[in-house]
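A.B. asks: Protein chains in written order, with UniProt numbering: chain A, 1 to 398; chain B, 1 to 287.
Beta carbons are placed, not taken as given, at the ideal position from N, Cα and C, and that holds for glycine.
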């Protein structure tokens, strides 16, 4: 039986423990960066790759602002609520102020709010326009392009190449990201004289798309445009091709993750399909040469978009910390806002007005298997362009 | 939208329904014969699909996998039954659900460790790599092949269960295992064989589905959800009920994709709820 004094002593230790732990972490003088990745659940296939990409970058850069870097993995299990709780715990118990990564926009938007409230810095890979639009904040930055850019840099060069492809049918994920792609697509089609002849919405839980594809075939479009993300893009495209849609319809996937999706689809399905992508390993830039070299050396694989996204968020954070020369949050934010660096897609710049990284987005065309130079040479790059909404139109007020 | 489009939609729905039928028939058989709730059914399906992927990589075609993968799934089911599941036959359904669910997670994580989290492509066999055009209706040759296999399975299963001595034995064991034992039959072996056969059917569905959907570690969960809807809607353990329910769901999903695309998936559960409200035992179930 414990006496009253022992119980009181234990309680006192319990109360003091978080503060003692926090001090212990701080004394180690490393910069801890929290990485929000879904390592289990529906988005584990995305989170795992982003996580690996970030770890490789940490291993490569090792230090920032003269201090060692420490990677703090936070498995949100694809759940925004859990991501927020993990972020709160990391801020409260470990004093972490720098965060990166996400596996979907809902997680990124939730974490961004939390990090802003606590006065930290967060860079992520969300696709939703709101991240650098109506829900932007002073503490958050975004590496990939927004849906506006993805649609404009994909559809405009495509329509220039095929001016007679007027009738477009869309299959769209019924969530914020899909709707955002669809809205931008309709705007571009309206401007360029295209005709949006129909849309089939699918839910996040759909896996069988033959009904939607039958409806699309019945509408006899010139172009089938796929506006969703992740494994659903793969499933819709696979089923559309199996229904012979490539015979008399062009297929455009405005948002793809590139190599990993091409590997899941195989060259026969990819051939002749147009893809929009944030990254392609075949693009020759100094930043990409560095990234490809490190990834190939460490992992013995060709870098995919997901690996690169993990790398890029780490690289941008390191560059900003180095530029600031300290871990003082206002100084790091200021450094971020004027940051320009040799990123994976070339020279990448952060726009101060909305915290968007200005970078190229690619229009890719699937190659025939016979023309692939190596096992990962699935596509040729048709165009690489930057197209961003002007800051006054994003709705972002910092 | 023209009537012809709706007819095509309904025909496509029959195709989807037959795929769902082949997915769920093993589950309904195991429940019908053994009153066993098998949450590992999706795992048998997923493991077989991955085996099909590996075989396709190795041989260059998925066709050999249509024989080998169901066999592997049957072995997996058999080992699971002998080592673990036979000990749960007398436990409540809740325990069976927990244990088979754990088995499914184990299988899923093992597959993830071996093949990674990213999905893989399984190419459609060369001979079915095209479409069949009927009037204005386009249908993939491979889907047609899957539908044909499902029809053959349905006929063979019905004949085996209703018209053979083995089928009579299975039905008798399902009704009263003790009595079958007293008549000199080993009901333990009957159940073991039935479980392995149920696993093989899930495996056949997985191997057939691999070129349609590709393979990824979470595919078993999706399959399990659909299979349970079919089994419950058809009536627990009813073979003909499963066929009817699968067709009903397939046609509903396909037609709703045209009428209300956003709610097509939701309507699977909507139809189930409506039918269960009027027939709580399912379409062909017995109270």
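My assumption, with CB atoms under 8 Å, is that residue 167 of chain A sits in contact with residue 197 of chain A. Please give the rounded CB distance.
C.D. replies: Confirmed, Cβ separation roughly 5 Å.
A.B. asks: Checking 7 Å against the spacing of the C-beta atoms, do residue 145 of chain A and residue 361 of chain A come in under that value?
C.D. replies: Their beta carbons are under 7 Å apart, which means residue 145 of chain A touches residue 361 of chain A by this criterion.
A.B. asks: Kindly indicate if chain A contains any beta-carbon less than 7 Å away from that of residue 258 of chain B.
C.D. replies: At least one chain A Cβ lies under 7 Å of residue 258 of chain B.
A.B. asks: Taking C-beta pairs closer than 8 Å, name the residues in chain B that residue 201 of chain A reaches, listed in chain order.
C.D. replies: Per Cβ cutoff of 8 Å: 261, 262.
A.B. asks: Express the C-alpha separation of residue 203 of chain B and residue 106 of chain B in angstroms, rounding to a whole number.
C.D. replies: C-alpha separation (whole angstroms): 17 Å.
A.B. asks: Pick out the complete beta strand (DSSP E) segments inside the segment 173-211 of chain A, 3 residues or longer, and give them in chain order.
C.D. replies: Counting whole runs of 3 or more residues, the segment 173-211 of chain A contains the beta strand (DSSP E) stretches 195-202.
A.B. asks: Verify the CB distance criterion: does residue 7 of chain B have a CB-CB separation below 7 Å to chain A?
C.D. replies: Judged by the 7 Å Cβ criterion, residue 7 of chain B is not in contact with chain A.
A.B. asks: Of all Cβ atoms in chain B, is any one closer than 7 Å to the Cβ of residue 249 of chain A?
C.D. replies: No, residue 249 of chain A lies away from the interface with chain B (no Cβ there is under 7 Å from its Cβ).
A.B. asks: Just the C-alpha distance for residue 87 of chain B and residue 81 of chain B, rounded to the nearest angstrom, thanks.
C.D. replies: Looking at the two C-alpha atoms, the distance is approximately 8 Å.
A.B. asks: Going by C-alpha distance, which of A:116, A:391, A:205 is nearest residue 231 of chain A?
C.D. replies: For residue 231 of chain A, the nearest C-alpha among the options comes from A:205.
A.B. asks: For the candidate residues A:187, A:217, A:207, whose alpha-carbon lies nearest to that of residue 220 of chain B?
C.D. replies: Closest option to residue 220 of chain B, Cα to Cα, is A:207.
A.B. asks: Got a sec? Which residues, its chain only, sit under 6 Å from residue 51 of chain B by beta carbon, not counting five neighbours each side?
C.D. replies: Cβ within range, chain order: 69, 72.
A.B. asks: Residue 171 of chain B to residue 216 of chain B, Cα distance in whole Å?
C.D. replies: Looking at the two C-alpha atoms, the distance is approximately 36 Å.
A.B. asks: Only counting the same chain, and skipping five residues up and downstream in sequence, which positions put a Cβ closer than 6 Å to that of residue 198 of chain B?
C.D. replies: So the qualifying residues of the chain are 26, 29, 30.
A.B. asks: Got a sec? Which residues, its chain only, sit under 7 Å from residue 307 of chain A by beta carbon, not counting five neighbours each side?
C.D. replies: So the qualifying residues of the chain are 49, 52, 53, 295.
A.B. asks: Please confirm if residue 126 of chain A has its CB atom under 7 Å from at least one CB of chain B.
C.D. replies: By this cut-off, residue 126 of chain A is not an interface position.
A.B. asks: Note down the Cα distance separating residue 138 of chain A from residue 89 of chain A, rounded to an integer number of angstroms.
C.D. replies: Between residue 138 of chain A and residue 89 of chain A, the C-alpha separation is close to 22 Å.
A.B. asks: Just by C-beta distance, which residues in the segment 308-342 of chain A are closer than 9 Å to chain B?
C.D. replies: Going along the segment 308-342 of chain A in chain order, one finds no residue with a Cβ nearer than 9 Å to chain B.
A.B. asks: Mapping DSSP to helix, strand and coil, what is residue 23 of chain A?
C.D. replies: Low confidence applies here, because residue 23 of chain A scores a pLDDT of 49, under 50, leaving its location unreliable; read the following figure in that light. Helix.
A.B. asks: Starting from the C-beta of residue 187 of chain B, find all residues in its chain whose C-beta is less than 7 Å away, skip the five residues before and the five after it, and write them out in chain order.
C.D. replies: Only 173, 177, 180, 181 meet the Cβ criterion.
A.B. asks: For residue 125 of chain A, name the three-state secondary structure that DSSP assigns.
C.D. replies: Residue 125 of chain A falls in the coil class under three-state DSSP.
A.B. asks: Could you check if residue 269 of chain B is buried or exposed, using at least 16 other CB atoms within 10 Å of its CB as the buried criterion?
C.D. replies: Exposed: under 16 other Cβ atoms inside 10 Å.
A.B. asks: Would you decide whether residue 183 of chain B is buried or exposed? Buried here means 16 or more other CB atoms lie within 10 Å of its CB.
C.D. replies: Counting Cβ neighbours within 10 Å, residue 183 of chain B comes out exposed, since fewer than 16 surround it.
A.B. asks: Grouping DSSP H, G and I as helix and E and B as strand, with all else coil, what is residue 425 of chain A?
C.D. replies: The structure shown has nothing for residue 425 of chain A, since chain A only spans 1 to 398.
A.B. asks: Thinking just about the alpha-carbon of each residue, which of A:31, A:227, A:38, A:217 is nearest to the one in residue 91 of chain A?
C.D. replies: Nearest option by C-alpha distance: A:31.
A.B. asks: Report the residues of the segment 212-232 of chain A with a CB closer than 8 Å to any CB of chain B, ordered along the chain.
C.D. replies: Against chain B - using a Cβ distance shorter than 8 Å - the residues of the segment 212-232 of chain A are 212, 214, 215, 217, 218, 231.
A.B. asks: Should residue 240 of chain A be flagged as near chain B, meaning a C-beta pair shorter than 7 Å?
C.D. replies: It does not: the Cβ of residue 240 of chain A has no partner Cβ on chain B nearer than 7 Å.
A.B. asks: Using the beta-carbon of each residue, which ones in chain A are nearer than 9 Å to residue 125 of chain B?
C.D. replies: Here the premise fails: no neighbours, minimum Cβ distance about 12 Å.
A.B. asks: What's the call for residue 380 of chain A, buried or exposed, on a 16-neighbour Cβ count within 10 Å?
C.D. replies: Label assigned to residue 380 of chain A: exposed.
A.B. asks: Give me whichever residues DSSP pairs with residue 63 of chain A in a beta bridge.
C.D. replies: In the DSSP output, where bridge partners are listed per residue, residue 63 of chain A has A:68.
A.B. asks: Can you say whether residue 163 of chain A is buried or exposed, counting buried as having 16 or more other CB atoms within 10 angstroms of its CB?
C.D. replies: So residue 163 of chain A ends up on the exposed side.
A.B. asks: So that I know if they touch, is there some Cβ in chain A lying closer than 7 Å to that of residue 233 of chain B?
C.D. replies: Not an interface residue.
A.B. asks: For a contact meaning CB atoms closer than 8 Å, what does residue 234 of chain A contact in chain B?
C.D. replies: Going along chain B in sequence order, the residues near residue 234 of chain A (Cβ under 8 Å) are 119, 214.
A.B. asks: Could you pull the DSSP bridge partners for residue 168 of chain A from this structure?
C.D. replies: DSSP, once it has assigned bridges, lists A:196, A:223 as partnering residue 168 of chain A.
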